[in-house]
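Trainee: I'd like to ask you about the structure that follows.
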Amino acid sequence: MPRRITHIDLDAFYCAVEEQNDPSLRGKPFAVGGHPNRRGVISSCSYIARSYGIRSAMPTARAVQLCSELIILPGRRKEYSIKSRKVMNILRSYTPNIEQISIDEAFLDISELNKNDLALAQELQMEILQTTGLPCSIGIASNKLVAKIATDIGKSAIKTTTYPNAIQIVPPGEETSFLALLPTEILWGIGPKTASQLGKLGIHTIGNLATWPQEDLIKRFGQVGYELSRRAKGIDNREVVSQRITKSISQEITFSENVSDERILRNQILKQSNNISKTMEKSNLLGYVVKIKLRWPDFTTITRQTTLPHPTEKGDAIYKAALSLLLDNWKPGLPVRLLGVGVSGLNPPSRQLSLWDTMDYKKLAQLEAAIYEVKQRFGDASIQQGLPKNSIIQK
Numbered sequence: 057m058p059r060r061i062t063h064i065d066l067d068a069f070y071c072a073v074e075e076q077n078d079p080s081l082r083g084k085p086f087a088v089g090g091h092p093n094r095r096g097v098i099s100s101c102s103y104i105a106r107s108y109g110i111r112s113a114m115p116t117a118r119a120v121q122l123c124s125e126l127i128i129l130p131g132r133r134k135e136y137s138i139k140s141r142k143v144m145n146i147l148r149s150y151t152p153n154i155e156q157i158s159i160d161e162a163f164l165d166i167s168e169l170n171k172n173d174l175a176l177a178q179e180l181q182m183e184i185l186q187t188t189g190l191p192c193s194i195g196i197a198s199n200k201l202v203a204k205i206a207t208d209i210g211k212s213a214i215k216t217t218t219y220p221n222a223i224q225i226v227p228p229g230e231e232t233s234f235l236a237l238l239p240t241e242i243l244w245g246i247g248p249k250t251a252s253q254l255g256k257l258g259i260h261t262i263g264n265l266a267t268w269p270q271e272d273l274i275k276r277f278g279q280v281g282y283e284l285s286r287r288a289k290g291i292d293n294r295e296v297v298s299q300r301i302t303k304s305i306s307q308e309i310t311f312s313e314n315v316s317d318e319r320i321l322r323n324q325i326l327k328q329s330n331n332i333s334k335t336m337e338k339s340n341l342l343g344y345v346v347k348i349k350l351r352w353p354d355f356t357t358i359t360r361q362t363t364l365p366h367p368t369e370k371g372d373a374i375y376k377a378a379l380s381l382l383l384d385n386w387k388p389g390l391p392v393r394l395l396g397v398g399v400s401g402l403n404p405p406s407r408q409l410s411l412w413d414t415m416d417y418k419k420l421a422q423l424e425a426a427i428y429e430v431k432q433r434f435g436d437a438s439i440q441q442g443l444p445k446n447s448i449i450q451k
């Protein structure tokens with residue numbers, strides 16, 4: 057039996073929640089996002105607002121230019137999280153094989169469910185709508201790649217100023233034909249630069265890419281070429297992962313006005329470092345790579361990182377590393393548009409490290425150095441594991 061993967065995407069999620077809170081918003085152009093005079097961006101917009109050309113990630117100031125009647129709401133993250141959890145709990149009632157990929161998206165492996173695909177999709181839509189009041193669109197295919205694209209294509213095919221509530225099913229064996237006429241940009245891993253390079257070769261559709269010699273793609277793009285060739289054929293063997301490992305934790309801020317005051321930048325890094333530290337402590341994670349992100353007024357953006365000698369979750373250690381990166385890459389008086397701090401290389405503390413939780417890393421490093429020196433001088437056998445107290449030695 058082939059795998060059956062479902063992708064679920066809550067339609068204009070933030071806006072749908074806001075309409076529940078204020079039904080008078082229905083039928084009006086509105087968006088959830090930042091203030092237009094403070095370099096805000098659109099997080100989500102109603103389908104009527106989209107008819108004006110407004111899109112997510114668009115600067116709010118630009119959105120207001122496109123639609124002077126646009127209503128801007130600041131958003132309520134706590135309420136969105138509560139609604140999201142309710143939806144995910146519904147999905148888990150169907151199968152434990154669920155991978156949540158964002159606050160409003162998830163994959164389900166429904167291979168073992170003895171239900172017709174269309175009937176299951178309609179049932180899921182109805183239960184989510186009746187229980188939470190939220191509309192959603194669904195794609196079903198043999199793998200995650202095609203299921204996600206199916207959802208996107210299903211939604212774009214329905215021209216509406218309300219929620220699409222789309223269902224798109226790709227039967228097993230029809231992945232290649234489903235993808236063939238779609239533009240290459242819709243594939244994961246193909247951005248504007250790669251699409252331009254493919255276009256110069258005459259590759260404009262996924263079908264063109266699927267029939268192009270794989271050896272030539274590998275020659276031109278390396279490992280990426282191999283992956284693109286497989287994806288173009290609708291091949292994706294990734295499993296639905298029920299528990300996702302956090303790879304990084306970060307915070308960033310776009311200043312309402314460019315900042316060139318070092319004191320303000322230092323305070324912002326301190327605040328972000330402490331917030332990241334609190335999140336790491338709650339998640340029981342240590343990290344050893346600290347990063348900063350800087351964006352100048354002309355939108356030039358740089359990221360820099362440094363590796364710590366030992367993993368940590370301490371705010372002061374993160375702050376010192378981030379501040380050092382800032383001072384190495386920022387000239388006094390230079391205006392900053394955006395500033396961000398992040399920590400990656402995250403893992404739970406090992407059992408061995410927990411034995412030393414009362415010792416700081418500097419002392420631990422000194423101890424390890426002393427042990428190494430003793431072994432170098434007197435041999436590996438000079439230091440061995442001690443016997444527990446009151447152990448009996450058998451002779």
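Whatever position you read off the sequence shown (first residue = 1), add 56 for the numbering used here. The beta carbon of each residue, even a glycine, is placed where N, CA and C say it ideally should be. In this text, all values refer to a predicted model and were calculated from it rather than measured experimentally.
I need the straight-line Cα distance from W352 to Y103, nearest angstrom please.
Mentor: Spanning the two alpha carbons is a distance of roughly 33 Å.
Trainee: Taking contact to mean 3 or more Cβ pairs, one atom from each stretch, closer than 8 Å, check whether the stretch 385–402 and the stretch 333–345 are in contact.
Mentor: Yes, they touch.
Trainee: Given a threshold of 16 other Cβ atoms within 10 Å of its Cβ, counted over all protein chains shown, does N153 qualify as buried or as exposed?
Mentor: Looking at its Cβ environment, which holds 16 or more other Cβ atoms inside 10 Å, N153 is buried.
Trainee: How should A206 be labelled, buried or exposed, when 16 other C-beta atoms within 10 angstroms of its C-beta is the threshold for buried?
Mentor: With 16 or more Cβ atoms within 10 Å of its Cβ, A206 is classed as buried.
Trainee: Out of curiosity, what's the CA-to-CA distance linking T217 and I291?
Mentor: When rounded, the distance between both Cα atoms is 34 Å.
Trainee: When burial is assigned at 16 or more other CB atoms within 10 Å of the CB, is A177 buried or exposed?
Mentor: That one is buried.
Trainee: With a CB to CB cut of under 7 Å and the five nearest residues on each side skipped, what residues in its chain are close to A117?
Mentor: Same-chain partners within the cutoff: P92.
Trainee: Which of the three DSSP states is assigned to K347 in this structure?
Mentor: Strand at K347.
Trainee: Provide the residue span of the beta strand (DSSP E) that contains F311, from first to last.
Mentor: Taken as a continuous stretch (DSSP letters only), the beta strand (DSSP E) holding F311 covers 304–315.
Trainee: To the nearest angstrom, how far is it from the Cα of Y219 to the Cα of P191?
Mentor: One C-alpha to the other measures close to 7 Å.
Trainee: Contact between the stretch 237–251 and the stretch 130–137: three or more CB pairs below 8 Å?
Mentor: With a cut-off of 8 Å, the stretch 130–137 and the stretch 237–251 do not count as touching, because too few Cβ pairs lie within range.
Trainee: With a CB to CB cut of under 6 Å and the five nearest residues on each side skipped, what residues in its chain are close to V202?
Mentor: Counting only Cβ-Cβ distances below 6 Å, and skipping sequence neighbours, we find V226, E231, G290.
Trainee: According to DSSP, is C192 helix, strand or coil?
Mentor: C192: strand per DSSP, three-state reduction.
Trainee: Note down, in chain order, each residue of its chain lying with its Cβ closer than 8 Å to the Cβ of I159, except the 5 sequence neighbours on either side.
Mentor: F69, Y136, S137, S140.
Trainee: Where does R95 sit, in a helix, a strand or coil, going by DSSP?
Mentor: DSSP places R95 in coil when its eight states are reduced to three.
Trainee: Give me the Cα-Cα distance between I166 and I110, rounded to the nearest whole angstrom.
Mentor: When rounded, the distance between both Cα atoms is 35 Å.
Trainee: Look up F163 in the DSSP assignment and say whether it is helix, strand or coil.
Mentor: Strand at F163.
Trainee: With a threshold of 9 Å between beta-carbons, can Q299 be considered close to chain D, or not?
Mentor: Of the protein chains in this structure there is only one, and it is not chain D.
Trainee: Please report the residue range of the beta strand (DSSP E) in which Q156 lies.
Mentor: First-last of the beta strand (DSSP E) with Q156: 154–158.
Trainee: Could you check the C-alpha separation between A72 and I274 for me, to the nearest Å?
Mentor: Approximately 44 Å, taken between the alpha carbons.
Trainee: Would you kindly check if the distance between the Cβ of T362 and the Cβ of K16 is under 9 Å?
Mentor: The displayed coordinates of the chain run from 57 to 451. Any statement about residue 16 would go beyond what the structure contains.
Trainee: Would you mind stating whether I374 and V346 have Cβ atoms separated by less than 9 Å?
Mentor: For I374 and V346, yes; Cβs fall inside 9 Å.
Trainee: Distance, Cα to Cα, G343 vs L379?
Mentor: Their backbone Cα atoms lie some 17 Å apart in a straight line.
Trainee: May I ask you to report which of helix, strand or coil DSSP gives D272?
Mentor: In the structure shown, D272 sits in a helix (DSSP, three-state: H, G or I).
Trainee: Do I194 and A175 come within 9 Å of each other at the CB atom, strictly closer than that value?
Mentor: Cβ distance not < 9 Å, so A175 and I194 don't count as in contact.
Trainee: In three-state terms, what does DSSP make of F355?
Mentor: If DSSP states are grouped into helix, strand and coil, F355 belongs with coil.
Trainee: Using a Cβ-Cβ cutoff of less than 7 Å, which residues in the same chain neighbour A105 once the five nearest sequence positions on both sides are dropped?
Mentor: Excluding positions up to five away in sequence, the list reads P85, F86, A87, C123, L126.
Trainee: Mapping DSSP to helix, strand and coil, what is C101?
Mentor: Strand at C101.
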